[in-house]
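For reference, the structure is listed below as structure tokens.
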Amino acid sequence: MVGGGPVTVLVVGAALVDDLAHPTRVLAARRTEPPRLAGGWELPGGKVEDGEGAEQALHRELAEELGVAVRLGAELPGPLAGAWDLPPSARLRVWLAVVTDGVPAPLEDHDELRWLSRDQWRSVAWLDADLPVVAALEALADRDDDRDGAARP
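Position in the sequence shown (first residue = 1) + 804 = my numbering.
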């Protein structure tokens, strides 16, 4: 940006779930770097590169980081023109996704992956930027439960 103002970087992420229509499990990935984020849990993804579309970048990032191919579902829209805030100067767009090929493995940027069942979604130390996205995913799952008549007490 001309004049030294803040540059907004677009980052994409995937809420890798077991079922796009009725998610009951989500994949959490533990960061290894940078040091300020190491040990925190996140939804996998990464930065959109120049000349790359958001969905294309997400497919690339998941192949690089986890060794999987995915089918993207609906986007989980955030409050900032559909995106989520990712301080200090980025915006995050997140899609639901299911694995179509491969088994997720921590190949880059992560040292551990966990499939979390619905009652475990808050059992890991999510990075601050991912907390509102996880809350939106929980709300989506709760709405699905309500529609199915299986709401939790």
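C-beta: ideal position from N, C-alpha, C; glycine also.
None of these values were measured; they are calculated from a predicted model.
Exercise. Three or more C-beta pairs closer than 8 angstroms, one from the region 899-915 and one from the region 848-867: is that the case here?
Worked result: yes
For this session: Keeping to the same chain, check which residues put their C-beta closer than 8 angstroms to that of Ala945; ignore five residues upstream and five downstream.
Result: Residue numbering aside, residue 945 sits at position 141 when the sequence shown is read from its first letter. So the qualifying residues of the chain are His826, Pro827, Thr828, Arg922.
For this session: Classify Ala885 as buried or exposed, calling it buried when 16 or more other Cβ atoms lie within 10 Å of its own Cβ.
Result: Position 81 of the sequence shown, counted from the start, is the residue given in the question as residue 885. The residue is exposed, with fewer than 16 neighbouring Cβ atoms inside 10 Å.
Problem set entry | Pick from Arg926, Ala901, Ala894 that is closest to Thr812, judged by C-alpha positions | Counting from 1 along the sequence shown, the entry for residue 812 is found at position 8. The shortest Cα separation from Thr812 among Arg926, Ala901, Ala894 belongs to Ala894.
Exercise. For Trp888 versus Leu900, is the C-beta spacing smaller than 9 angstroms?
Worked result: To locate residue 888, count along the sequence shown from 1; it is residue 84. To locate residue 900, count along the sequence shown from 1; it is residue 96. The answer is no: Cβ separation not under 9 angstroms.
Exercise. Can the beta-carbon of Leu820 be found closer than 9 angstroms to that of Pro936?
Worked result: Here residue 820 is taken as the residue at index 16 of the sequence shown, counted from 1. Here residue 936 is taken as the residue at index 132 of the sequence shown, counted from 1. For Leu820 and Pro936, no; Cβs fall outside 9 angstroms.
For this session: Report all residues from its chain with a CB closer than 6 angstroms to the CB of Ala861; omit the five preceding and five following residues, and keep chain order.
Result: Numbered from its first residue, the sequence shown carries residue 861 at position 57. Closer than 6 angstroms at the Cβ level, and outside the excluded window around Ala861, lie Val816, Val852.
Exercise. Could you give the uninterrupted runs of the beta strand (DSSP E) lying entirely in the region 835-884, keeping only those of 3 residues or more?
Worked result: 849-851, 873-880
Problem set entry | Same chain, Cβ closer than 7 angstroms to Gly906, neighbours up to 5 away in sequence not counted | By one-based count along the sequence shown, residue 906 stands at place 102. Correct list, in chain order: Gly871, Val872, Ala873.
Problem set entry | Environment of Trp919 [buried if 16+ CB atoms lie within 10 Å] | In the sequence shown, counting from the first residue as 1, residue 919 sits at position 115. Exposed.
Exercise. So the beta strand (DSSP E) Trp919 belongs to, where does it begin and stop?
Worked result: Start at 1 with the first residue of the sequence shown, and residue 919 comes out as number 115. Its beta strand (DSSP E) spans residues 914-921.
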